[in-house]
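Chains as they are written, first to last, in the numbering used here: chain A, -12 to 343; chain B, -12 to 343; chain C, -12 to 343; chain D, -12 to 343; chain E, -12 to 343. All residues carry an ideal CB built from backbone N, CA and C; glycine is no exception. Please read the structure below before turning to the comments.
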Amino acid sequence: MVPIEKARKITKKKGLPPGTLVYVGSEKNSAIKVQILDYNEKTLTDKELKRIEDIISHKNKKTVTWVNIDGVHDLKLIERFGKHFDIHPLIQEDIVNTNQRPKFEEFEGYIYIVLRMITFKDAAKNLDLEQVSILLGNNFVTSFQERPGDVFEPIRQRIISGKGKIRKFQSDYLAYSLIDAIVDNYYMVLEKIGEYIEVLEEELLTNPTHETLNKIHRLKGDLIYLRKSVWPLRDVISSLQRSESKLIQESTQIFLRDVYDHTIQIIDSIETFRDMVTGMIDIYLSSVSNKMNEVMKVLTIFASIFIPLTFLVGVYGMNFHFMPELDWKWSYPILWIIMLGSAGTMVYFFRKRGWL
Amino acid sequence: MVPIEKARKITKKKGLPPGTLVYVGSEKNSAIKVQILDYNEKTLTDKELKRIEDIISHKNKKTVTWVNIDGVHDLKLIERFGKHFDIHPLIQEDIVNTNQRPKFEEFEGYIYIVLRMITFKDAAKNLDLEQVSILLGNNFVTSFQERPGDVFEPIRQRIISGKGKIRKFQSDYLAYSLIDAIVDNYYMVLEKIGEYIEVLEEELLTNPTHETLNKIHRLKGDLIYLRKSVWPLRDVISSLQRSESKLIQESTQIFLRDVYDHTIQIIDSIETFRDMVTGMIDIYLSSVSNKMNEVMKVLTIFASIFIPLTFLVGVYGMNFHFMPELDWKWSYPILWIIMLGSAGTMVYFFRKRGWL
Amino acid sequence: MVPIEKARKITKKKGLPPGTLVYVGSEKNSAIKVQILDYNEKTLTDKELKRIEDIISHKNKKTVTWVNIDGVHDLKLIERFGKHFDIHPLIQEDIVNTNQRPKFEEFEGYIYIVLRMITFKDAAKNLDLEQVSILLGNNFVTSFQERPGDVFEPIRQRIISGKGKIRKFQSDYLAYSLIDAIVDNYYMVLEKIGEYIEVLEEELLTNPTHETLNKIHRLKGDLIYLRKSVWPLRDVISSLQRSESKLIQESTQIFLRDVYDHTIQIIDSIETFRDMVTGMIDIYLSSVSNKMNEVMKVLTIFASIFIPLTFLVGVYGMNFHFMPELDWKWSYPILWIIMLGSAGTMVYFFRKRGWL
Amino acid sequence: MVPIEKARKITKKKGLPPGTLVYVGSEKNSAIKVQILDYNEKTLTDKELKRIEDIISHKNKKTVTWVNIDGVHDLKLIERFGKHFDIHPLIQEDIVNTNQRPKFEEFEGYIYIVLRMITFKDAAKNLDLEQVSILLGNNFVTSFQERPGDVFEPIRQRIISGKGKIRKFQSDYLAYSLIDAIVDNYYMVLEKIGEYIEVLEEELLTNPTHETLNKIHRLKGDLIYLRKSVWPLRDVISSLQRSESKLIQESTQIFLRDVYDHTIQIIDSIETFRDMVTGMIDIYLSSVSNKMNEVMKVLTIFASIFIPLTFLVGVYGMNFHFMPELDWKWSYPILWIIMLGSAGTMVYFFRKRGWL
Amino acid sequence: MVPIEKARKITKKKGLPPGTLVYVGSEKNSAIKVQILDYNEKTLTDKELKRIEDIISHKNKKTVTWVNIDGVHDLKLIERFGKHFDIHPLIQEDIVNTNQRPKFEEFEGYIYIVLRMITFKDAAKNLDLEQVSILLGNNFVTSFQERPGDVFEPIRQRIISGKGKIRKFQSDYLAYSLIDAIVDNYYMVLEKIGEYIEVLEEELLTNPTHETLNKIHRLKGDLIYLRKSVWPLRDVISSLQRSESKLIQESTQIFLRDVYDHTIQIIDSIETFRDMVTGMIDIYLSSVSNKMNEVMKVLTIFASIFIPLTFLVGVYGMNFHFMPELDWKWSYPILWIIMLGSAGTMVYFFRKRGWL
């Protein structure tokens, strides 16, 4: 369950002065990769940087500079970056402390956005979360990720190939594109969850076990967590829209409105999925009840047919000296007829009640 | 279940630049039909167009021009339309991507409205959804539908026959009429759902099975989805009302207020239906409990009457040498009397408890 | 169930141009009665009109004119009325289409208010609804009802007898009095529902059956419907209060505040009743569980006492040649002692568990 | 149940003109007591009045005059009071009609406040409610109660003894003190409910019966009713705070803020109690389930051990001529060994499952 | 359960004039400790005071003075403190009455903040609460705690060692640091609750008993209480942020925004935990149902196999004289074959149903 683990992580920070960088994630050993894409409509630079300080030469160019940093566990590196770009220590802390709620903060000269990149892992059927921090400045965008591997590849391709409008726009359009890529990926997650719901519904109809209920509950937990990641996104994007910062150009507004609509749609779908999963729990409980009902019926049918018969044969197993029936010739076959008749009556009665 | 399928569709778009037209529906092969109705109080033109470009000659006339396009899977066609009428690429994307939440957007020179046309299919007892996009401009209205067949026929008849006030009004009244037709059709859907609820209630009272519960749950899912389609409509219409666009004339305001009231009424009815369906689930579960109770009672009555008797006859089936009762003459009839008395007592006891 | 029926009615209108009068109720045959009360502090006219046009002579008098119309199924009559008094076609439609949500609309020269007059029918234990439309103009009030019979009798008496302040006030006070009479009647409905809840509670404690649950559910449905009728009333009255229309005099404000307070109180009571009814469902389910528990206990007690004994007597019913106990003299009485002891132990054990 | 009874009371008023005084309570015979306390920092008058008109001599003095009236069923008296002090007829009606929701109303020259004085009766374990109306004017406060006996005794003592600041302040501080006394008493009620919850929890853990559930439900009903009495109080006090009336001095503001905080705290506690009571219902239902489980286990253990043995001894009770085992010498003891072994196996199996 | 106990405490105050100091806690005997830390960037005084009056000499110094008082049960001391620092009597009451909801109040010259310091006691698995009052004035901060022992130690260390920025900032930064320390500690509490949830989930999967349910309910109660402590905190901090007091410097704003974000995150986690705990109750109830199902199956299998066989052997235990089968040679082995066959059929049938 993600939230418990997350709650535990953050406590490592307790007692330190605010603004102290503490990494709380688990990716401590992988090498940090700093990738730079520097472009305008005509030129394009695409290289990997060795030292964070190499960014500085791109900082004041008129071209748009996108620095993507994979790995935030090198606290020194983030601190040096923060110093060179004049980033507030609390923001540095937020970049490193990969537990942030999606949020938007506006500073003198830059905008800070935190998002969650989410993947639904098919094997384990649970969510994988990665914090993405985006720093949007004049002519530059820096994105921080916890691990290599992301959903930004199509954007890179579009920049490099020069397809689409991206090369003609400013850094705010790039930031929008990154947000849009993350939000678009939520549809992918929803699609996979939708498929998984179908699998679970099938399982529920054919062979529901206690394990099915556990799966449904885990899925419900995932949906709660997904919801927690997407709800604040709404505010983030509407804050971006309403921001009066000069960094956001008017032509980008309509694109932000579009991604805002997508966020609403995703929230809608999550709520629908939650309603469906809640309904599945009801169906599960009802099918457990039904099964118990079936078991009870079988027991009742057997017991109700044979217990009276057993009594009857017990009667003629008694050893009283004076039992006239014992000596009659037709007693035995007549008793069989009576017994078969009684059993038949019971069967008829159960049929009528719909138990057979 | 509609939402899963819908969620899956949209993901085909992932990774493409915003504003790229991608059709996500399933109607790929049917021919696209472009129908034009051009009218004012005196003149009327009603024809089917071969090429989208033929609309342009009607564009700047003072008459009201209604273009209805059945099928949005021909991306080229939509793109050409968009170019001629100067429609923003994101709106073109919304027209084609038939997954939009009902929404209202205002642009320089036109207003874009997305709605959902809903049908309740009697056979399958589920909802059929179709996205309708309405572009309202000065003197023209364009409506885009996914498939042929719609609820606009009475409006066409009214225009052609010249009945009602529609020929005297401007394009905003036509747009209102389209919205009103869609909203009025929701009443039809509610009526059918209401009838279906009555059928299910009957089934619930006479012969509730696990399948009944499944039907109730599917219906509940449909109501959730219907609700999702109607709630945003409220905002759409109130945005239209509050819009300061010159396209909306003051005389249309009161009609919009009327359709707004209808929307509220429909939402009210959906909520009532949801409450009723929730109550039906409770009744189902309670009737399952009752059935189990019945089964248990039958078992208990049989067991409680015959188990003691079986014990008694077992006693006199023992082979001890010294059992004085065995030799008494009246033992056997007395035992029968005792056994009948005991059974009678049990029956009386169950009667008093209300089990028989 | 009221809502389904209501939802069905309205669909008859589908496809007609807005403003077309369509009656959706069931009272098609009763004669329409037009009653007029024309009064000021000194004079009083009380008569029944033959033709709707006879109202016109009263229209411009300085006296307050109250026209009460029983029956809205004569569409021609309403249309003529609308024409003479210059009522908007959509309002005419609302008067006739007796499905309106309580609402308040302000026009040039008049105010339109829709309310629901509600009765709780004792025999069928369900709600009877009747739409009341009130048109408040300068010096005149027109009230439209679906059927003869209403809650306005005391107001008529007060006007005729000249008791109270009503004869001294203007038409807005008359409109307030009508609203107040309708709202006061809701207390009557709540009282009857309260009595019915007490009856159901009694039934629940003494002899709860599946039918009891059905009754509770029907009552819950009624409360949902009642709530739907009263909630919008709050907005209606507060709109009246906040209205800047010259038709509402300042001295009437405090009376409107009073009726507003009553509405809040009624909503409060409805919510309390709903909570109580929900609690009754819980108690019902729990008592079903308890009954099943009782049944199970009886079964278990019988089975647990007699099954071991039956085994024991079975042992000595065996026909082995070498069973020494069979020949002992005291075997039989000793076995009885053992069996009675074992049964006693079981009874003691069940007593201790609180099952007996 | 309080609300039903209350709902019934109010209907006696139906049909009368607004502003007609109708007493709806049950205390019709007790004598009405009018107590006056007239004080400033130096002087003090404390006497019981014979006639309501005797108040008038105190009305225009500069001292603070507190008139406390026990009993509102003497309609004439209230009417005369209202006339002398110029109180609006609707307010007179509210004083007498002891069903008001807590509310605050501001008039020219006076403020009207309705509150509910609540007691938790230990014996019957239910709430006792009494409406207290407070009229705050310049230099005078009048409080109306339904019955003798109240929570104002400490305030009287403080005024008479001259302890605290009360004698130095104006009438608004006195009104605040009355409200504070009523609100402080809610803590008393909460404490008693808290103790009762502890008793019920104990009962729930040791010996839960169907009666326990009824008690929990009654308590839940009381909490719903308590909540309905306290929620509107919040608005009353914040209206008092925000009031721009000259009757409320600035120095009293901070005291009102304090009593407002208390109201919030009480609402908080009520919500917590409601959550706890809801949790208790869950625990009750679960313990009923557990009991049923226990019963089932006992039945299953007995049946599963003895039914196979009974079969076995039945086998050797058969009368076939050719049953070789019957003649073997060791058959009988061997059978006992087999039976004991089988019973032991069952016991071991039940132990392993945790049923024993 | 914390809330009941708390509700009881406060009632000791009932009837006393407002502003009377009454201690409601349980720590009446421990000695009160007054600790002072007086610092600016260069100087530092750290000592324990004997008399409260010794603070006064520090009051008007330009250095920041932090007075920490452990124990609020010495009412005289608080009263003397209040007099020297000119604290409003109602605030003195709030400091002593350790039942306050977290709140923020602004006065002339100082700001009063109440918070709850919370610990999760591992042994008893419940929450321990302590009220912390913070008085923020110009150049001084006073913190009042109920008991010795707190979460402020790291702050003391940072001040004494001169690490971090704390020595360079004013008293508002110190107040922020105290709030931040308390809020950071909530993460610790959440972590422990998270671990406890994991333990309970393990218990739920392996061996759920009625006691498990009680534990879950107690935990749920704790979460409700935790939520009640943290929700108002949000308003406290946002009031601090929006405060226009000169005591809050602009540079502190961003730190307050940071602690505000933490509060939101904590509320988020509490809600997630509540959802998880609610899900655990569902799983518990379902596993109780499953267990009952298991028990029923065992009973049914045994009964269904052996009851018919017992009947059969009963048949041949009858003593009729004319029972031809009794004399046949192969009757006995054939009966065994029939019985084994019948039992085998039953086993096959139960296998097919998935009961074995």
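For residue i, decide whether its Cβ has a neighbour in chain D, counting only Cβ atoms nearer than 8 Å.
i: E/Val9; result: no
i: E/Tyr99; result: no
i: E/His197; result: yes
i: E/His60; result: no
Could you tell me which chain B residues have their CB closer than 8 Å to the CB of residue i, listed as they occur along the chain?
i: C/Thr297; result: Ile294, Thr297, Phe298, Gly301
Can you list the residues of chain B that residue i reaches, using a CB-CB cut of under 7 Å?
i: C/His308; result: Those do not exist, as C/His308 stays about 11 Å from chain B at its closest Cβ, beyond 7 Å.
i: C/Ile39; result: Near C/Ile39 there are no residues of chain B at all, since even the closest Cβ is about 24 Å away, more than 7 Å.
i: C/Met421; result: Not covered by the structure: residue 421 of chain C. The range shown for chain C is -12 to 343.
Return yes when the Cβ of residue j is within less than 8 Å of the Cβ of residue i, no when it is not.
i: A/His71; j: A/Gly12; result: no
i: C/Val246; j: C/Ile166; result: yes
Against residue i, what residues of chain A qualify as contacts under a CB-to-CB distance less than 8 Å, listed in chain order?
i: E/Arg145; result: Pro4
Of all the CB atoms in chain E, is at least one closer than 8 Å to the CB of residue i?
i: A/His45; result: no
i: D/Gln79; result: no
i: D/Ser291; result: yes
Name the chain A residues that come within less than 9 Å of residue i, Cβ to Cβ?
i: B/Val275; result: Ser273, Ser276, Asn277, Asn280
List, in order along the chain, the chain D residues whose C-beta lies closer than 9 Å to that of residue i?
i: E/His249; result: Neighbours of E/His249 on chain D: none; closest Cβ ~22 Å, over 9 Å.
Check whether the Cβ of residue i lies closer than 8 Å to any Cβ atom in chain C.
i: D/Ala18; result: no
i: B/Lys339; result: no
Would you say residue i reaches chain A, if we count a Cβ-Cβ gap shorter than 8 Å as a contact?
i: B/Asp314; result: yes
i: E/Leu343; result: no
i: E/Asp358; result: Outside the modelled stretch of chain E, which goes from -12 to 343, sits residue 358 of chain E, for which no answer is possible.
i: B/Leu177; result: no
Quick one: using the 10 Å Cβ neighbour count with 16 as the cut-off for buried, is residue i buried or exposed?
i: D/Arg229; result: exposed
i: A/Trp315; result: exposed
i: D/Val186; result: exposed
i: E/Gly341; result: exposed
Residues of chain C with CB under 9 Å from residue i, in chain order?
i: D/Gly331; result: None at all; the shortest Cβ gap to chain C is about 15 Å.
Kindly indicate if chain B contains any beta-carbon less than 8 Å away from that of residue i.
i: A/Ile241; result: yes
Name the chain E residues whose beta carbon is nearer than 9 Å to that of residue i?
i: D/Leu102; result: The premise fails here: D/Leu102 is roughly 16 Å from chain E at the closest Cβ pair, so nothing lies under 9 Å.
Could you name the residues of chain C that residue i contacts, counting a contact when the two beta carbons are closer than 7 Å?
i: B/Gln236; result: Result: empty, since nearest Cβ-Cβ is about 15 Å, beyond 7 Å.
Taking residue i as the query, report the chain E residues whose CB atoms sit under 8 Å from its CB, ordered along the chain.
i: D/Leu286; result: Leu286
What does residue i reach in chain C if we use C-beta pairs closer than 8 Å?
i: B/Asp366; result: Summary: the structure shown does not reach residue 366 of chain B, with chain B confined to residues -12 through 343, and so no result is reported for it.
Extract the residue ranges of the beta strand (DSSP E) inside the region 69 to 144 of chain A, only unbroken runs of 3 or more that lie entirely within it.
90 to 94, 97 to 108, 113 to 124, 127 to 132
By the 8 Å beta-carbon criterion, what residues does the region 129 to 143 of chain C contribute toward chain F?
Checking the listed chains, one finds no chain F in this structure; the protein chains it contains are A, B, C, D and E.
Secondary structure, alpha helix (DSSP H): runs of 4+ residues fully inside the region 177 to 260 of chain B
197 to 229
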